[in-house]
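Going from the sequence shown to our numbering is simple: count from 1 and add 472. Presented below is the structure to which this report refers.
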Amino acid sequence: MRRLFCAALLGFLSYTGNAQKKDIRLAGLDTMIRRILKEWNVPGVSIAVVEKNKILLTSGYGSRDVANSKPVTENTQFAIGSCTKAFTASLIGIIQQEGVLDMDVPVTNYLPYLKFYTPELSTQITARDMLCHRTGLPRHDYSWYSGNTGSRDSLLYLLRYLEPSAPLRQTFQYNNYMYAALGGLVEKLTGKSWEKQVQEKFFTPLGMTRSATGVYNRDGDFSYGYTYRDQKIQPLQFLPENLQAIAPAGAVVSTAKDMANWLLLWTNQGRLNGKEIIPFSFYQQAISSQMIASANLPSRVTPDYYFFNYGLGWYTASYRGHYGVGHGGNINGFSSFVTFLPADSIGVFVSVNQNNSGAVRVLSNLILDRMTGASYRDWNSLIKMTGGVNAAVATGNSKQGNPSHPLTAYTGVYKHAAYGTITIREDKDKLTGTLNRWNLKWQHKQYNYFTITIDDAAFDGSEAMDGEFSIDPDGNISSLKVPFENGVKDIVFIKQRTVVVKDADLKRYTGEYDFNGNIVKVFLSEAGLLKVIVPGQSEYEMIARERDLFTLKGIKGISIKFDRDPSGVVNSGSFIQPNGEFKVNRVRAGMETEKPAAKAGAGYQQYIGEYLMSGQVVSVFIKADQLIAQLPGQPEYTLVPGNKDEFTIKGVRGYNVQFESNDKGEVTALILQQPNGRVRAERKK
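Here you go:
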């Protein structure tokens, strides 16, 4: 099974950039790049080279938009994937310098709701362990990459269900979850979002004006992502917005011009223009070996390239007689590499708009060799030989052993607490289905084994794996086991039973419940649906999962469990959320059918305007009869009406918006209620 690296036309080749005077060591670079892009079928590339406080090159080559023949420039935005990790790690270094964090004490001292697979791990894992990938957890990337994520808190809640494959601090195992959790730690300790911290601590002081976090830009000078399969270059859809929770592990978007400044910072020991941006003590730790990644012994072919360790957000290695620091990044449609030689003050950034491409390492190494005066080495051939090109794995239909049941018996919904939902259907005597956002292809192998492949352009078939259905003592299909992660037990998806609850039984749950002084109302709608209203939020439909247990439709990670007394009367219950379990007591029974409060309609007009929030302008407007809020560089958020002047944010758990009015009834401000506090924004006049 191919590993995930997400943290993922040759047409007219052009050179565009600023008017920098070319260094003699970079003479003929255009020809070399043209040849590499052609050999690897790469549409375009963004490159920056710096040395000793000087920018030697910031340029674009090739095409950023193949269909429209638009060239890459020094200002073209590329997604840099896991090169983002150095930004997140540096935020941790700044917080430690401020005395707010100790990287070597259990991280749960700061994030009590963060739990790992065992109590021992929960009480021992530190921020340093997470930074250098030595927690014992393997990647488990399919659990988030497939789209089983909500908010950052919801994503981190999944960690308690992910099995480790090695003891703590024994083995290096790259893990994107750990950097998502570090982003959550940043937010908890600073009271600001990870996205805002990256902007304030790095983008603004470094003049990285074309860099962003989160949702990939779709305006102006940006590059589309591509993949090369079936002997042609094809566009590849970027990651959906609902994967924003994993952003601290790989969501920075930048340009050659901006990344040159990032390289200058790291080649100048954390300082730029005489100002310390990254604490020097952390800088030293970040680029020193904290964990052995692999032996990487010298070989006959590469006798001057050896050891391979991980610092804090960076890899370290001996590169041709020079101490090297670097990090790769792969994310849907893009591959990047950032590297620098601290003792030589040389830095190189290369990003290509091709999925999981080896070309980025070829170009990085060839440029480094030119800059250091090393003898020529055919990195192009070497990297191709070591796995730069993936080959699809063919799967056949074995006739050995028929399935134990008719295909209809395998259909249904299967769930795992961390990996999400597999839905299986029968279509024309074959199984088909989905894993969260992905479509799956099913091919019978033998008995109750089926070969599963992911029907998505980011995959080439090498990820194919064999899933096994299990049978309970009554002879029914009860679960599906899939080897999504090496080194741990197969991931078991439990087949869900269909729960039908009659209206008469649903009435026993209706009434009002005291939730920390707030009254939560459970009622039956006119359509006979059991619903719940939480103050300041919209109504939610409750879905029966088993006796007395309900989930909320469209909301992940939250369920309600009702308690009965010996006589069967419901008097209390519990709200089960990612950050804990909260007991509620029933204060009034409600057997009647009730109508929810009417939603605002034309009244949206009074909220339209611009609001100043911590130096940023929040725009509130109406679109398709819905109230929308938007911050610069972020997606549009739909506001869902609740009580008067109160709204929740669709798809974002734990946040709501309340508008304030003056004595004349004019809206003067909005308040954003977050899990870590309230932020007030004055309306611009």
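Each residue gets a CB set at the ideal place from its N, CA and C atoms; glycine is no exception.
Cβ shell of residue i (< 6 Å), same chain only, five flanking positions each side left out
i            : result
residue 751  : 565, 569
residue 1109 : 1101, 1121
residue 1089 : 1082
residue 527  : 732
residue 1140 : 1132, 1134, 1155
residue 984  : 991, 993, 1059, 1060
residue 913  : 925, 927
residue 1078 : 1139
Beta strand (DSSP E) segment containing residue i, residue limits
i            : result
residue 1161 : Here the chain comprises residues numbered 473 to 1157, so residue 1161 is not present and cannot be evaluated.
residue 1002 : 1002-1005
residue 986  : 983-987
residue 557  : Where residue 557 is concerned, there is no enclosing beta strand (DSSP E), although the alpha helix (DSSP H) it sits in stretches over 557-569.
residue 615  : Careful: residue 615 lies outside any beta strand (DSSP E), inside the alpha helix (DSSP H) at 614-617.
residue 1130 : 1128-1133
residue 1102 : 1098-1102
residue 1085 : 1081-1085
residue 1138 : Where residue 1138 is concerned, there is no enclosing beta strand (DSSP E), given that its DSSP letter is neither H nor E.
Opening and closing residue of the alpha helix (DSSP H) in which residue i lies
i           : result
residue 838 : 831-844
residue 733 : 728-739
residue 591 : 591-596
residue 756 : 752-758
residue 667 : 666-670
residue 511 : 501-512
residue 857 : No alpha helix (DSSP H) holds residue 857; DSSP gives it neither H nor E.
residue 603 : 599-603
Cβ neighbours of residue i in the same chain (closer than 8 Å, five flanking residues each side left out)
i            : result
residue 604  : 644, 762, 763, 782, 783, 784
residue 729  : 490, 520, 530, 546, 547, 682
residue 618  : 891, 892, 907, 908, 909, 910
residue 966  : 886, 887, 888, 950, 951
residue 1145 : 1008, 1127, 1128, 1129, 1130
residue 735  : 520, 522, 810, 812, 819, 820, 821
residue 639  : 608
residue 464  : Nothing in the structure corresponds to residue 464, since the chain is present only between 473 and 1157.
Cβ-Cβ distance between residue i and residue j below 8 Å
i            : j            : result
residue 979  : residue 1083 : no
residue 727  : residue 818  : no
residue 918  : residue 947  : no
residue 1047 : residue 1041 : no
residue 806  : residue 670  : no
residue 834  : residue 823  : no
residue 933  : residue 925  : yes
residue 884  : residue 856  : no
residue 1050 : residue 1026 : no
residue 960  : residue 953  : no
residue 586  : residue 580  : yes
residue 825  : residue 695  : yes
residue 920  : residue 940  : yes
residue 678  : residue 653  : no
DSSP-derived helix/strand/coil call for residue i
i            : result
residue 1027 : coil
residue 914  : strand
residue 1072 : Residue placement at residue 1072 is flagged as unreliable, the pLDDT there being 40, under the threshold of 50; the coordinate-derived value follows with that caveat. Note: residue 1072 maps to coil in three-state DSSP.
residue 891  : coil
residue 720  : helix
residue 930  : coil
residue 1123 : coil
residue 879  : helix
residue 626  : helix
residue 920  : coil
residue 579  : helix
residue 524  : coil
residue 519  : strand
residue 864  : Low per-residue confidence applies at residue 864: pLDDT is 42, beneath 50, and the placement is therefore not dependable enough to give any value.
residue 1156 : coil
residue 496  : helix
residue 1010 : coil
residue 710  : coil
residue 673  : helix
residue 1146 : strand
7 Å CB neighbourhood of residue i in its chain, flanking five on each side removed
i            : result
residue 838  : 504, 851
residue 646  : 605, 611
residue 842  : 497, 498
residue 1067 : The pLDDT assigned to residue 1067 is 43, lower than 50, so where the model puts this residue is not dependable; a value taken from the coordinates is nonetheless given after this. Result list for residue 1067: 998, in chain order.
residue 942  : 950, 951, 953
Subject >> Unbroken stretches of the alpha helix (DSSP H), 4 residues or longer, contained in the region 788-819 >> reply: none
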